[in-house]
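K.L.:
To start, I am sharing the structure in question, which I have written as structure tokens.
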């Protein structure tokens, strides 16, 4: 099932890097990581996804798809499996009752899998700001991910309110998910 979380109709509210950046991301970022557009994209990657109505509807569809499953495993991914997928995982974990610490710990595991890419990226930059940008695009930047979670709390009240509001998840849906995926 295809559920793109970035609105490609031209109504994109999320910042993104130019297409040419992705052909050699580390090299491109080493030359452009201090440019305002790149810094902004890096800082706002999660907050823009959390606060975008199109994206919210896609995450709602993702959660409803899992609720509607009749059993079996569910596999989801994005191009790197850490940003859009990381948020999807955070929403599912929250629906299952996970607290913020567990969600953050789960997200941080991504860096274990990107360790060599992160090391390579860090080797071509000099400043903490550049490393922050590299970590956002090459690894998993927990500080910026947490900004997305903070926005949920600030704007919507709590993760539960966000799930029940923009992501359209009901208490009954959460019960179905818990019965299906948790062991006591």
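Residue numbers (the working numbering): -15 to 168.
C-beta: ideal position from N, C-alpha, C; glycine also.
1) So what's residue 162 in DSSP terms, helix, strand or just coil?
2) If the criterion is Cβ atoms closer than 7 Å, does the pair residue 124 and residue 165 meet it?
3) Do residue 132 and residue 30 have their CB atoms nearer than 7 Å?
4) Between the stretch 82 to 100 and the stretch 43 to 60, are three or more C-beta pairs nearer than 8 Å?
5) Where does residue 139 sit, in a helix, a strand or coil, going by DSSP?
6) In or out: residue 127 buried (at least 16 other Cβ within 10 Å) or exposed?
7) Rounded C-beta distance between residue 68 and residue 33? I'm assuming under 8 Å.
8) Is residue 70 buried or exposed, if buried means 16 or more other CB atoms sit within 10 Å of its CB?
9) What's the gap between the Cα of residue -10 and the Cα of residue 63?
10) In chain order, what residues of the same chain lie with their CB nearer than 6 Å to the CB of residue 17, ignoring the 5 residues before and after it?
11) Determine the extent of the alpha helix (DSSP H) in which residue 66 is found, giving its start and end residues.
P.N.:
With the given structure in hand:
1) Here the question's residue 162 lines up with position 178 in the chain shown. DSSP places residue 162 in helix when its eight states are reduced to three.
2) Translated into the one-based positions of the chain shown, residue 124 becomes position 140. Translated into the one-based positions of the chain shown, residue 165 becomes position 181. With contacts defined by Cβ atoms closer than 7 Å, residue 124 and residue 165 do not form a contacting pair.
3) Position 148 of the chain shown, counted from the first residue, corresponds to residue 132. Position 46 of the chain shown, counted from the first residue, corresponds to residue 30. Closer than 7 Å, so yes.
4) no
5) One-based indexing of the chain shown puts residue 139 at position 155. The answer is helix: DSSP assigns residue 139 an H, G or I state.
6) As a first step, residue 127 must be located in the chain shown, where it is residue number 143. Residue 127 is exposed by the Cβ-count criterion.
7) By one-based count along the chain shown, residue 68 stands at place 84. By one-based count along the chain shown, residue 33 stands at place 49. The beta-carbon separation of residue 68 and residue 33, rounded to 7 Å, stays under the 8 Å limit for a contact.
8) Along the chain shown, read from residue 1 onward, the residue named residue 70 stands at position 86. Flag for residue 70 reads buried.
9) Position 6 of the chain shown, counted from the first residue, corresponds to residue -10. Position 79 of the chain shown, counted from the first residue, corresponds to residue 63. Cα to Cα, the separation comes out at about 12 Å.
10) Numbered from its first residue, the chain shown carries residue 17 at position 33. Taken in chain order, the residues that qualify are 114, 117.
11) The residue labelled residue 66 in the question sits at position 82 within the chain shown. Here residue 66 belongs to no alpha helix (DSSP H), and DSSP marks it neither H nor E.
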